[in-house]
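Enquirer: Following this message is one structure expressed as structure tokens.
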Amino acid sequence: MTAEDEAAHERLERLVRSAELSSYRENLLEQILSVELIQACWLRALPPLELAHALVDFSGYDLVASCGSVTRHIQLKATAGKIILHRALATKPSGCCVLILPKVRAGDGDAPRIVLSYRFLGGLPNQALVVDDSWRRARGTRYARTAAGDFEHPERANHVEVPKAAFAPTVDVNGLVTALFGNETGAASDKAGNA
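With the working numbering as the guide, the letters of the sequence shown map in order to residues 1079 to 1273.
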């Protein structure tokens, strides 16, 4: 790897790990995911994929993806920390969560690039996300004064903290397409369901 490639690799590593540019990073990862999904669906001869971005994350999803008869409301997460989901996601058609796992790789003579793998949480295509009763209520990040005068992080009534163990094992984009939309015959993989 040349010195120039090493410097580029380091810059991408900082971007992938940095909290400073979180909005920039979030948008970049969503764009890479979108391109990968469109390409993978096309290569598998699935119907053209339609994507719509939620302008406001009010009901727990960032992206709406439709492929054939399946429409998914998708919450995207790319955090090493806690996974917090809005309960309203379970009321959306085929609501699900995709945990994006970015890495920086350089191939044989290729410039460094961000490559993604994924973990999926949701039901089979056209089935609702099941919110497990064992998932704890999420807490807010700001302190609030209690009736007793103490300060604490209040519970967020409509949000739950999801353990990463609830997600399906890590897959590439083809595994994610199967989890989201099923396979070419319309049948979904059994491994794509709620973990």
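Heads up, the beta-carbon is just placed ideally off N, CA and C, and yes, glycines get one too.
Just so we're clear, the structure is a prediction, and the values are computed from it rather than from any experiment.
#1: Start and end of the alpha helix (DSSP H) containing THR1256?
#2: For ALA1270, does the three-state DSSP call read helix, strand or coil?
#3: Residues in the same chain with beta-carbon distance under 7 Å from PRO1180, minus the five sequence neighbours each way, listed in chain order, please.
#4: Considering ALA1086, what are the terminal residues of the alpha helix (DSSP H) in which it resides?
#5: Let's test the definition: count the other Cβ atoms within 10 Å of the Cβ of VAL1148 and tell me whether it reaches 16, buried, or not, exposed.
#6: Starting from LEU1179, trace the alpha helix (DSSP H) in both directions and tell me its first and last residue.
#7: Taking the beta strand (DSSP E) that ALA1130 belongs to, which residues open and close that run?
#8: Indicate the three-state DSSP secondary structure (helix, strand or coil) for LYS1155 in the structure shown.
#9: List the endpoints of the continuous beta strand (DSSP E) containing ASP1107.
Expert: With the given structure in hand:
#1: Numbered from 1 along the sequence shown, position 178 holds the residue referred to as residue 1256. Here the alpha helix (DSSP H) through THR1256 covers 1251-1259.
#2: For this step, residue 1270 is matched to residue 192 along the sequence shown. Reliability of the predicted coordinates at ALA1270 is poor, the pLDDT of 43 falling under 50, and no value is obtained from them.
#3: Along the sequence shown, read from residue 1 onward, the residue named residue 1180 stands at position 102. For PRO1180, where only same-chain residues beyond five positions count, the Cβ hits under 7 Å are VAL1094, LEU1107, ALA1156, ILE1192 and LEU1194.
#4: Working through the sequence shown from its first residue, we reach residue 1086 at position 8. Taken as a continuous stretch (DSSP letters only), the alpha helix (DSSP H) holding ALA1086 covers 1081-1095.
#5: The count along the sequence shown starts at 1 and reaches residue 1148 at position 70. Residue environment analysis places VAL1148 among the buried positions, since at least 16 neighbouring C-beta atoms fall within 10 angstroms of its C-beta.
#6: For this step, residue 1179 is matched to residue 101 along the sequence shown. Note, LEU1179: premise wrong, no alpha helix (DSSP H); beta strand (DSSP E) at 1174-1183.
#7: As a first step, residue 1130 must be located in the sequence shown, where it is residue number 52. Run containing ALA1130: 1128-1131, per the beta strand (DSSP E) assignment.
#8: Against the sequence shown, residue 1155 aligns to sequence position 77. If DSSP states are grouped into helix, strand and coil, LYS1155 belongs with the strands.
#9: Here the question's residue 1107 lines up with position 29 in the sequence shown. The sequence as given places Leu at residue 1107; Asp does not occur at that position. Element bounds for LEU1107: not the beta strand (DSSP E) but the alpha helix (DSSP H), 1100-1121.
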